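Quick note: to get my numbering, add 325 to the position in the sequence shown (first position is 1).
Even glycine gets a Cβ: it sits at the ideal position worked out from N, Cα and C.
Bear in mind the structure is a predicted one, so any value in this text is a computation, not a measurement.
As structure tokens, the structure follows; a few thoughts come after it.
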Amino acid sequence: FDLSSYLFGNVLLISSTELWALGILNVLNIAFVLFFYKELFYLSYNAEMSKVFRIPTRAVDKLFYLLLAANIVFNLKSAGIILVTAQLILPAVIAFNLVRKLHTAIIAAVLVAIVSALIGFALSFALNLPTGATIVICQA
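Below, the structure written as structure tokens:
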């Protein structure tokens, strides 16, 4: 039992099968957001009002939480709980500080996550630092 691997993860420990699973999960995430964009938009602002527009709130909520749980579980080994939690929160917070529209904020959050991950990977490799913690520092 190695507590630091659960906290910070180790990207070098993931197998090619797990990498494929992460890729498929990412495709499912993108498809979910694209397919249910309108429903997610209404749910994020007012769940009660979304029922007036006949949006299947329970089904969309369950799918959302299922994907969220799958993302957390699949990313724990490679990224660690600190990076997973930070990647769930920080890109959205940074994006909503920069823009106000939901559509633009989604794009900005994705860009923040990608850029900070790339910079964090490069710095952790160059300076021999833990990858997860370095990415979180780059986001902060």
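Query	Result
For the alpha helix (DSSP H) that contains I355, what are its first and last residues?	S341 to F360
What runs of the beta strand (DSSP E), each 3 residues or longer, lie entirely inside the stretch 381 to 453?	none
Is A465 helix, strand or coil by DSSP?	coil
Check the C-beta distance from A442 over to A417 and give it rounded, since I have them as a contact under 8 Å.	The pair is not a contact, with the Cβ atoms about 15 Å apart (cut-off 8 Å).
Look at the Cβ atom of V409, then the Cβ atom of L401, and state whether they are nearer than 8 Å.	yes
Excluding five sequence neighbours on each side, which residues of the same chain lie with their C-beta closer than 7 Å to the C-beta of I339?	K402 and S403
Please classify T459: is it buried, with 16 or more other beta-carbons within 10 angstroms of its beta-carbon, or exposed?	buried
I'd like to know if the stretch 366 to 374 and the stretch 342 to 352 are in contact, where contact means that at least 3 CB-CB pairs between them fall below 8 Å.	no
Take the Cβ of T456 as the centre, count every other Cβ of all protein chains shown within 10 Å, and call the residue buried at 16 or more, exposed below.	buried
For F389 and Y362, I'd like the C-alpha separation in whole angstroms.	12 Å
For a quick check, are the C-beta atoms of A395 and L359 less than 8 Å apart?	no
If you draw a straight line from the C-alpha of I380 to the C-alpha of D386, how long is it?	11 Å
Assign V437 to one of two classes, buried (16 or more other C-beta atoms within 10 Å of its C-beta) or exposed (fewer than that).	buried
Rounded to whole angstroms, what's the CA-CA distance from N453 to G445? Just pull it up for me.	11 Å
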